[in-house]
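First to last, the protein sequences are chains B and E. All letters in the first sequence, in the order written, are residues 1 to 222 by my numbering. All letters in the second sequence, in the order written, are residues 1001 to 1222 by my numbering. All residues carry an ideal CB built from backbone N, CA and C; glycine is no exception. Please read all numbers here as calculations on a predicted model, not as lab measurements.
2 protein chains.
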Amino acid sequence: MYTSKVKIILADDHAVLMTGLRLLLNNEPDFEVTGEASDGEKVLELLEKQSADILILDLSMPNMSGLECIREIKSRGHDIKILVLTMYEDENYVKEAMRAGALGYVVKQAVDTELFDAIRTVDKGLRYLSFHNAQLLINNLLTEPSRKAEDDPYSLLSAREREVLKYMARGHSMKQIGEVLCLSVKTVDTYKTRLMEKLNCTQKSQLVEYALRHGLLPVKNM
Amino acid sequence: MYTSKVKIILADDHAVLMTGLRLLLNNEPDFEVTGEASDGEKVLELLEKQSADILILDLSMPNMSGLECIREIKSRGHDIKILVLTMYEDENYVKEAMRAGALGYVVKQAVDTELFDAIRTVDKGLRYLSFHNAQLLINNLLTEPSRKAEDDPYSLLSAREREVLKYMARGHSMKQIGEVLCLSVKTVDTYKTRLMEKLNCTQKSQLVEYALRHGLLPVKNM
DNA sequence: AAGGAAATCAGTAATTTACTGATAACAGAA
DNA sequence: TTCTGTTATCAGTAAATTACTGATTTCCTT
């Protein structure tokens, strides 16, 4: 019986490692790497041109972070399963990534066979977490995905609000943001007020915290 | 004419990537990966048992960091050339590593051919830096390791200034920072002014950018 | 002893934010 | 179709924050 290979797109800003990873995956009889991208924006461009079964994504990439990238992929309605492969063992990253729409999460410390398992699992449409304490997390995550709105108010934000949030977190003043976005200071000010309301903040620093947590502050290229 | 292969030991705590890297290197006719280690201590153990021409070392590893590892290798008198392969583009890391005794420094963002070049160069006993502006660095490093200051303005900052920078980048106001650090707003204001001077900024957003770039904004746990 | 950072604070002018409204467009509910 | 809620947009004024210009003390180095 003929079974077609799992088509995989890789996204990682570490070129050498991505090349190695490609070799590793192509060595397996049932995998095939069909595309590579070095940051979130390039992933999106690539997805416009070609589809694949699985996207293996690093979270820390320049320009557009992995998390933002996941959200954008979802909002554009691309039909691709996302497997996060990253160095961050932090629970928060796992949560954020899964909430944003990832199907699997594997740390780079994992051995190759674990990654293979993860790919095959995710390919079937099933969740995969690489962690020891993963089960807890999965349960938490799955048994009560109801209070989604409160959990992730991010989905409540309008496009403009998100935009303003990013600039604010990077330390721009209302005035500066207004100039960049061609808006009156007053308008930007309103967005800020809304952000505070929606995200339940009383201080600007809490907004920054929120932005950090949600991967809205990737380091930009020089 | 027969030429023996360059024997390489890999050290990286990211197992998947190390496996990929091994494949990549073994694919080259003149390289041969003869050992792997997942942290500094294991590198040292391995070196007691086997020698090799080159050690490709990640800087961020658990237990014993890459830098410590380099120092220890040198102090034990092992005869192996060290090539650092890491994600850190920061000049300081380069310097530290080279001072500690590394012969080459390549960032993971580099493409495979660059890594190959680096290996071959280092194998000849020559220095290799992967940077565009590397040559400057080499010269600085070797001719006058004295004027550390201008190179990295971060080292110019006083403890207080760094502290204030972190809070500022996280979106706290002068007033808030003053409260946390038990200082007058005025004092904090002065630090801010100094920061701007030292880091050559005219806007707060540039300070935030600087902080981001230098990893001063880690995501905190919940 | 002189020179030079570092840490600390003040006063006032100039900006920026906070807060309170407001209007127009549009989508969905009733 | 009318009502309601959401988004996008802007204004005015009071309150708060920052920018700028000094200044003092301590400590370290030469």
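| field | Beta carbon proximity, residue 1004 (chain E) to chain B, threshold 8 Å | value | no
| query | Which chain B residues sit within Cβ distance under 8 Å of residue 1087 (chain E)? | reply | 14
| query | With burial defined as no fewer than 16 other Cβ atoms inside 10 Å of the residue's Cβ, what is the status of residue 1108 (chain E): buried or exposed? | reply | buried
| Mind pulling the alpha helix (DSSP H) runs of 4 or more residues that sit fully within the stretch 61-95 of chain B? | 66-75
| Which of helix, strand or coil DSSP assigns to residue 7 (chain B) | strand
| field | DSSP bridge partner residues for residue 1032 (chain E) (one or two, in chain order) | value | E:1007
| query | How is residue 57 (chain B) classed by DSSP in three states: helix, strand or coil? | reply | strand
| query | Going by alpha carbons, who is nearest to residue 1006 (chain E) out of E:1164, E:1079, E:1052? | reply | E:1052
| task | Note the first and the last residue of the continuous beta strand (DSSP E) segment covering residue 101 (chain B). | result | Looking at the DSSP string, residue 101 (chain B) is not in any beta strand (DSSP E), and its letter there is neither H nor E.
| message | Assuming residue 113 (chain B) is part of the alpha helix (DSSP H), what are its boundary residues? | response | 112-123
| said: Am I right that residue 59 (chain B) and residue 97 (chain B) are in contact with their C-beta atoms under 8 Å? What's the rounded C-beta distance? | reply: 7 Å
| task | Under the assumption that residue 106 (chain B) contacts residue 85 (chain B) (Cβ atoms under 8 Å), give the Cβ distance between them as a whole number of angstroms. | result | 5 Å
| Can you list, in chain order, the residues of the stretch 93-109 of chain B whose Cβ is nearer than 7 Å to any Cβ on chain E? | 108, 109
| said: Output needed for residue 214 (chain B): all residues of its chain with C-beta closer than 7 Å, excluding positions within five of it in sequence on either side, in chain order. | reply: 67, 96, 154
| query | Does the Cβ of residue 14 (chain B) have 16 or more other Cβ atoms within 10 Å, making it buried, or fewer, making it exposed? | reply | buried
| message | I'd like to know whether the C-beta atoms of residue 165 (chain B) and residue 212 (chain B) end up nearer to each other than 8 Å. | response | no
| Does the separation of the CB atoms of residue 1205 (chain E) and residue 99 (chain B) fall below 8 Å? | no
| request: Could you tell me how far apart the beta carbons of residue 21 (chain B) and residue 1156 (chain E) are, in whole angstroms, since I believe they sit closer than 8 Å? | output: Residue 21 (chain B) to residue 1156 (chain E), Cβ: 39 Å. No contact.
| task | Could you confirm whether any beta carbon from chain E is found closer than 8 Å to the beta carbon of residue 199 (chain B)? | result | no
| Interfacial residues, the stretch 19-33 of chain B to chain E, with Cβ spacing under 9 Å | 19, 20, 21, 22, 23, 24, 25, 27
| Nearest candidate by alpha-carbon position, reference residue 39 (chain B), set B:190, B:90, B:63 | B:63
| query | Per DSSP, what kind of secondary structure is residue 37 (chain B) in: helix, strand or coil? | reply | strand
| said: Give me the DSSP bridge partner(s) of residue 1106 (chain E). | reply: E:1085
| query | Between residue 88 (chain B) and residue 94 (chain B), what straight-line distance do the alpha-carbon atoms span, to the nearest angstrom? | reply | 8 Å
| query | Looking at the C-beta of residue 112 (chain B), does it have a partner C-beta in chain E at a distance below 8 Å? | reply | yes
| query | Checking contacts by CB at 8 Å: is residue 122 (chain B) closer than that to chain E? | reply | no
| task | Indicate whether at least one CB of chain E lies closer than 8 Å to the CB of residue 213 (chain B). | result | yes
| DSSP-derived helix/strand/coil call for residue 129 (chain B) | strand
| message | Run through chain B and tell me which residues come within less than 9 Å of residue 1205 (chain E), C-beta to C-beta. | response | 167, 170, 171, 172, 173, 176
| Which chain E residues sit within Cβ distance under 8 Å of residue 219 (chain B)? | 1212, 1213
| Between residue 1102 (chain E) and the rest of its own chain, which residues show a CB-CB distance below 8 Å, the 5 nearest in sequence each way excluded? | 1057, 1070, 1082, 1083, 1084
| message | With a threshold of 8 Å between beta-carbons, can residue 67 (chain B) be considered close to chain E, or not? | response | no
| message | Spatial neighbours of residue 220 (chain B) within its chain, please: C-beta separation below 8 Å, excluding the five flanking residues on both sides. | response | 62, 63
| field | Close beta carbons around residue 65 (chain B), own chain, < 7 Å, minus the five adjacent residues each side | value | 40, 59, 215, 218
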